[in-house]
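These protein sequences, in sequence, are chains A and B. At position 111 of the first sequence (counting the first as 1) the number is 111 in our numbering, and the numbers step up by one without a gap. For any residue, its number in our numbering is found by taking its place in the second sequence, counting from 1, and adding 474. For every residue, glycine included, the Cβ atom is placed at its ideal position computed from N, Cα and C. Notes follow once the structure below has been shown.
There are 2 protein chains.
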Amino acid sequence: MLTYDFTKATGALYKYLYKCIKEDINSGKLGKNEKMPSKRTLAKNLGISTITVENAYDQLIGEGYMYAITKKGYYVSDISGIMEIAIPEKLTESEEKLPDIKKDIYDFSSNYTEPDNFPFSVWTKLMRENMAEKKQELLKDLSNRGVLLLREAIANYLLSFRGMNVKPSQIVVGAGTEYLYELLIKLLGKDKIYCMENPGYKKITQIYKSNDIECRYANMDENGVSVEELALSGADIAHISPTHHFPTGITMPVSRRYEILAWANKKEGRYIIEDDYDSEFRLNGRPVPPLQSIDACGKVIYMNTFSKSLTPTIRISYMVLPKHLSDEFNEKLSFYSCTVSTFEQYTLAEFIKRGYFEKHINRMRLYYVRKRHSVLEHINECFDKNECRIIENDSGLHFILELETDLRDKDLEDKLSDRHIRLQALTDFYQMSDMEDKHRFILNYSSLDMERLDEALHVIKAVMHGNPCSRIRK
Amino acid sequence: MLTYDFTKATGALYKYLYKCIKEDINSGKLGKNEKMPSKRTLAKNLGISTITVENAYDQLIGEGYMYAITKKGYYVSDISGIMEIAIPEKLTESEEKLPDIKKDIYDFSSNYTEPDNFPFSVWTKLMRENMAEKKQELLKDLSNRGVLLLREAIANYLLSFRGMNVKPSQIVVGAGTEYLYELLIKLLGKDKIYCMENPGYKKITQIYKSNDIECRYANMDENGVSVEELALSGADIAHISPTHHFPTGITMPVSRRYEILAWANKKEGRYIIEDDYDSEFRLNGRPVPPLQSIDACGKVIYMNTFSKSLTPTIRISYMVLPKHLSDEFNEKLSFYSCTVSTFEQYTLAEFIKRGYFEKHINRMRLYYVRKRHSVLEHINECFDKNECRIIENDSGLHFILELETDLRDKDLEDKLSDRHIRLQALTDFYQMSDMEDKHRFILNYSSLDMERLDEALHVIKAVMHGNPCSRIRK
């Protein structure tokens, strides 16, 4: 009979017993398939309670050191090859640095939301209210297309501000447009050929390609993507941003919109993905009607995001499916859970429903108009008329700066990067690798630090003239 | 020269002018390619400011009704086929019903978190603190694998509670395990063959299949998935849940764990996905060491979720990649944005870091032990010994109820469903369609309404004996 010295036991008795038996199994003292005493017998023998033995046995069985045969008893497992798991010291340091907030880089290449521009206090208020009043919904609502309250709020918003008449059931909410692209690929089928705008946002292509999708390109002209090239590409799906093309900023006129709808209608299975990513910040005039709103044949899949209007870090986007695709989505993909937390879905729903979103957008629009104006003034002061040209389109959070320089686009980018300035050339957004230099650069202005703008512009000016000494202060 | 009657104008002048010109273009009064007056001329003629004309022209150009030729002027576009967009009434009613919280169904088939069991007050507190103190991070931290603070907190948690020594850089945070499966498919390659446990959680297969992955199955024996069948399946990847298999509840013993690691080591490109989905709720003894912690060759991809430990509606899961796969992930997939909001990532990070998670788990473990005990008592009171048998495994939030009945599994499910009771047969989780009836049913107890449990059990008892009249009170 097994005997252990319980005077040495520290901590819970069952853990001590577990440890002793495990050691005996590991050392071979207790051999493979050896019968163990019954719980009651061992307890009696060791002068401990049956519960203690039971707990130790449970643990040993759970970890595979022992096994039980009903009505027969307990046996030692075959543990050949087992090794002890050494529990290492607590992690004290991480090998990674804290997230690079890019404080030391002057970045013209990205937009984020500045702390003063996110509605933190309202957001906190709504979040708290929901956590107090909507506990059941927050914990149980697993609607796969997103919570109904949010989809209703979005539908009403689209009706009021984009003239789109859509039902909440056509809307699918997801954690970022990237994720929605992937759902769409599954919905439309992997055999489809996608056509992207050239130049364009390269990440879209990366995502399609990482899903083994065949990608083609159609060039942009002054009215947006060329429908002729689109037709020649042989594509089934056109992925475009007609309201505000990135990076050119072109807004597709209505006539071209009808041409592209006509293209989609010519053949079954053709669709247009309308990426309306920053339509809220069309700064002049009334917004252009989206393709979706003039599509009578269910050919347009509309996509939008709260990345530009709230913050990219919140990861909430949505798409509007034509009725028949929406039905197909329910059939084929309803087993996918919605990827956005209900906590934030309900908060955003209230944010839109109670008019805070509209107020926020209006405030931001005003802010961006002023900021844009101010950035343009700084550029005009810094550069002479013949040194640079601004290609401004009416909408969105960026414009294009054409620089009078002999430097190659890539060289200018690199030299600026050495000087802690990130400026991206338009040519980076073309699909051809042997692209001719255009000396045009994208200027995202929404999150520029105005205090350091002059300095950054002067460095650009010096570098474009081949002066290597200037450098931005870190 | 164009003339409009501005005495009728309501609202902004430019909008009125825009509307007038658009009407004239639509009616054909202004023809295709007709030259428009310059802004200055039209302004002078109408007695309005140039800015007003400019705004109206901008809008018309933006919408495609007009186009500009540099140094020549403004022209009317070809708008053949254009149609007016009617802005419909505000949506007042939705065609969908409010989310079905399933109040009227007594559901043994799912687990959710009950409102009293979610740490709302701490969560609100941490969320508010972050929104006050971490504004910059919340709006700018776009780390693609998830925010570092959360990954560090997870790494420390895994070290303390699962004996796993992993670096934060090996962790990838995502919006639900489903999403992480999809990332893994991209990382490991679509040509890989996946093997799932039979019986098993069918959604996993659905997800793999919707990604065009070849799926095979290996049967479970009393120690978990059969390694022999796994080897015979020809699969490259084994997707298993060794700590607590769903639905059988089996915990894989250490000896089997080594066998499966040996299988993975026999051939390059083989991996094990260890789905540790409810290891926090192993209710007896110390937790079993995860496969990941005894894997010396980088063959195990560990997955876990906060769905069981917090709530499924929060959509936060994570995986731990072996070092070389982690490097490959950075190379191949770092362009994907993290799908979880920074707001919730930072909140969860603080929740874990400050010890709240541990306390919460301990509290829930105690709660579930008691609840499980109470549910078992009710079953024992309601049923005679020869009417049902409980197959309990030590861990997790469900057990199995074997009923002594002549009814076929499907029939019993249907009859109960007619009586507003959802109970799922074990046979539903098998891959074969011609499965023999087992009269075994899954009993998820974590969110059962105890007040109505007796009633529900009596309905089950009556139905299994062929009594058709009993029905649960709605």
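Distance, residue j Cα to residue i Cα
i               : j               : result
S707 of chain B : E413 of chain A : 53 Å
L397 of chain A : D278 of chain A : 8 Å
S891 of chain B : K884 of chain B : 10 Å
I495 of chain B : R256 of chain A : 20 Å
M670 of chain B : K359 of chain A : 51 Å
Y580 of chain B : N591 of chain B : 19 Å
E152 of chain A : M726 of chain B : 47 Å
R481 of chain A : L403 of chain A : No information on residue 481 of chain A is available, as it lies outside the stretch 1 to 474 that chain A covers here.
F857 of chain B : M66 of chain A  : 32 Å
L149 of chain A : D479 of chain B : 45 Å
R354 of chain A : R128 of chain A : 15 Å
K506 of chain B : N265 of chain A : 25 Å
N630 of chain B : I826 of chain B : 9 Å
S512 of chain B : Y201 of chain A : 36 Å
M777 of chain B : T10 of chain A  : 34 Å
G743 of chain B : Q644 of chain B : 18 Å
E656 of chain B : Y181 of chain A : 13 Å
A132 of chain A : T598 of chain B : 10 Å
L476 of chain B : A486 of chain B : 19 Å
N219 of chain A : I237 of chain A : 15 Å
Residue(s) in a DSSP beta bridge with residue i
i               : result
T305 of chain A : A:S317
C388 of chain A : A:L403
C494 of chain B : Its beta-bridge partners do not exist; DSSP assigns none.
Q898 of chain B : B:I916
N591 of chain B : In the DSSP output, where bridge partners are listed per residue, N591 of chain B has none listed.
C215 of chain A : A:Y194
I240 of chain A : A:E274
I69 of chain A  : A:G73
Buried or exposed by the 16-neighbour rule on C-beta atoms within 10 Å, applied to residue i
i               : result
S907 of chain B : exposed
F809 of chain B : exposed
S341 of chain A : buried
I456 of chain A : The sequence shown places Ala at residue 456 of chain A, rather than the Ile named in the question. A456 of chain A is buried by the Cβ-count criterion.
K299 of chain A : buried
R882 of chain B : exposed
Y16 of chain A  : buried
G620 of chain B : buried
V463 of chain A : buried
C812 of chain B : buried
R363 of chain A : exposed
I543 of chain B : exposed
I185 of chain A : buried
Option in the options with minimal Cα separation from residue i
i               : options                        : result
Y904 of chain B : B:I895, B:R914, B:R896         : B:R914
N697 of chain B : B:N672, B:I711, B:A709         : B:N672
L401 of chain A : A:R408, A:E387, A:V227         : A:E387
I768 of chain B : B:R636, B:I667, B:K845         : B:R636
E325 of chain A : A:T41, A:G189, A:Y65           : For the sequence presented, residue 325 of chain A should be read as Leu rather than Glu. Nearest of A:T41, A:G189, A:Y65 to L325 of chain A, Cα basis: A:G189.
F873 of chain B : B:S781, B:A899, B:Y820, B:H894 : B:A899
G23 of chain A  : A:D236, A:V76, A:A218          : For clarity, residue 23 of chain A is Glu in the given sequence; the question names Gly instead. Taking only the C-alpha atoms, the option nearest E23 of chain A is A:V76.
T405 of chain A : A:E377, A:L333, A:I460         : A:I460
K806 of chain B : A:W123, A:G174, A:K203, A:I273 : A:K203
I714 of chain B : B:I775, B:I659, B:E656         : B:I775
I912 of chain B : B:L600, B:S595, B:L633, B:T722 : It should be pointed out that residue 912 of chain B corresponds to Lys in this sequence rather than to Ile. Ranking B:L600, B:S595, B:L633, B:T722 by Cα distance to K912 of chain B puts B:T722 first.
Y112 of chain A : A:R365, A:V369, A:S446, A:L139 : A:S446
Y179 of chain A : A:G73, A:M1, A:R422, A:S317    : A:S317
V647 of chain B : B:E607, B:A712, B:M793         : B:M793
K415 of chain A : A:R40, A:I250, A:H465, A:E451  : A:H465
N918 of chain B : B:L658, B:K782, B:N854         : B:K782
R315 of chain A : A:P115, A:L348, A:K167, A:D191 : A:L348
Exercise for the section: With 8 Å as the C-beta to C-beta threshold (strictly closer), list the residues of the stretch 634-666 of chain B near chain A in chain order. Expected result: Of all residues in the stretch 634-666 of chain B, only S634, G637, N639, K641, P642, S643, A649, G650, E652, Y653, E656, K660, K664 come within less than 8 Å of chain A when Cβ atoms are compared, listed by chain position.
Exercise for the section: Note down, in chain order, all residues in the stretch 534-556 of chain B with a beta-carbon under 9 Å from any beta-carbon belonging to chain A. Expected result: Result list: L534, I535, G536, E537, G538, Y539, M540, Y541, S551, D552, I553, S554, G555, I556.
Exercise for the section: Report the residues of the stretch 588-622 of chain B with a CB closer than 9 Å to any CB of chain A, ordered along the chain. Expected result: The stretch 588-622 of chain B vs chain A, Cβ under 9 Å: E588, P589, D590, N591, F592, F594, S595, W597, T598, M601, R602, M605, A606, K609, Q610, E611, L612, L613, K614, D615, L616, S617, V621, L622.
Handout entry: Proximal residues, the stretch 812-825 of chain B versus chain A, C-beta separation under 8 Å
Key = Residues are counted here when their Cβ sits less than 8 Å from a Cβ of chain A; for the stretch 812-825 of chain B these are C812, T813, V814, S815, T816, F817, E818, given in chain order.
Handout entry: Interface residues of the stretch 243-255 of chain A facing chain B [CB-CB below 8 Å]
Key = For the stretch 243-255 of chain A, which is checked against every Cβ of chain B, the residues closer than 8 Å are T251, M252, P253, V254, S255.
Problem - Contact list for the stretch 192-213 of chain A against chain B, Cβ threshold 8 Å - result: From the stretch 192-213 of chain A, only K203, Q206, I207, S210, N211, D212 have a Cβ closer than 8 Å to chain B.
Exercise for the section: Determine which residues of the stretch 775-803 of chain B have a Cβ less than 8 Å from any Cβ of chain A, and write them out in chain order. Expected result: Per Cβ criterion, the list reads T785, P786, T787, I788, R789, I790.
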